[in-house]
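Trainee: Have a look at the structure that comes next, please.
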Ligand SMILES: *Cc1c(COP(=O)(O)O)cnc(C)c1O
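Numbering (the working numbering), first residue to last: 25 to 251.
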């Protein structure tokens, strides 16, 4: 039933590879996160059987359900807004949480990860454009959150995540992504740390993201089809 997923996945990987090379980037430095939200576990299984291991979900409940049904060597990433009462479930399952956007959430993740003896990899979500999205830190607040994350014993801060507003023109999208990269660079300098990951780019804007240094592209539609 999900035979097309293998083709979509292979076609997308080829596209990604070609595009990376065209902007003089090594394709091996870009991770493909398959965003399986709203699709059933069988669809994930089809992608898994084609070799895909990194999957992204935006709801903790769905993450829990699929995690139960699917092979344990899948690396799950939570990419959607995280509510306080769902932190324990998220920390238990997710390798990465991309959507950390408050000091309160940071502290809660740190405490719960400590309780289960885990060091939780996270990204800070930044609302670069200041438009549309309700979620994400301002460029200003990201600095204090970086400081807190770096001091948190059970958190490993890996980098930053953003979403470009929908229906923005290509040039403005690129500016959002280059702003995120510059923000990352300035945080690295200020705190003298390495923040290697930039989670940016989806099916519609992965090209702009790769041109601006994305290391994790979050791809749903191009792999699984329309939701
Ligand atoms: C759904 C989603 C994606 C994937 O979007 P597509 O346009 O289907 O590729 C990426 N990132 C986040 C945060 C999402 O919620």
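Glycine included, C-beta positions come from ideal geometry on N, C-alpha and C. No experiment lies behind these values; they were computed from the predicted model shown.
I need the straight-line Cα distance from residue 77 to residue 58, nearest angstrom please.
Mentor: Each residue's alpha carbon lies about 8 Å from the other.
Trainee: With 16 other CB atoms within 10 Å as the buried threshold, where does residue 201 fall?
Mentor: buried
Trainee: Applying the criterion that 16 or more other CB atoms from any shown protein chain within 10 Å of the CB defines a buried residue, is residue 244 buried or exposed?
Mentor: The residue is buried, with at least 16 neighbouring Cβ atoms inside 10 Å.
Trainee: Would you mind reading off the limits of the alpha helix (DSSP H) that contains residue 85?
Mentor: 84-93
Trainee: Go to residue 45, then tell me how far its alpha helix (DSSP H) extends in each direction, as first and last residue.
Mentor: 27-46
Trainee: Output the residue ranges of the alpha helix (DSSP H) runs that lie fully inside the segment 181-223 and measure 4 residues or longer, sorted by chain position.
Mentor: 194-215
Trainee: Cβ atoms of residue 118 and residue 87: under 8 Å apart, would you say?
Mentor: yes
Trainee: Does residue 154 come out as helix, strand or coil in the three-state DSSP assignment?
Mentor: coil
Trainee: Roughly how many angstroms separate the alpha carbons of residue 105 and residue 112, rounded to a whole number?
Mentor: 14 Å
Trainee: Please name the residue or residues paired with residue 145 in a DSSP beta bridge.
Mentor: 120 and 180
Trainee: Give me the Cα-Cα distance between residue 127 and residue 42, rounded to the nearest whole angstrom.
Mentor: 39 Å
Trainee: On the DSSP bridge assignment, give the partners of residue 58 in chain order.
Mentor: In the DSSP output, where bridge partners are listed per residue, residue 58 has 79 and 243.
Trainee: So the beta strand (DSSP E) residue 102 belongs to, where does it begin and stop?
Mentor: 99-102
Trainee: Near ligand 1, which residues have their beta-carbon less than 5 Å from any of its heavy atoms, given in chain order?
Mentor: 59, 82, 103, 226, 227, 242, 243, 244 and 245
Trainee: Who pairs with residue 161 in a beta bridge, going by DSSP?
Mentor: 150
Trainee: Just confirm the distance between the C-beta atoms of residue 24 and residue 234, as a whole number of angstroms; I'd bet it's less than 8 Å.
Mentor: A query on residue 24 cannot be resolved here, the shown segment of the chain reaching from 25 to 251 and no further.
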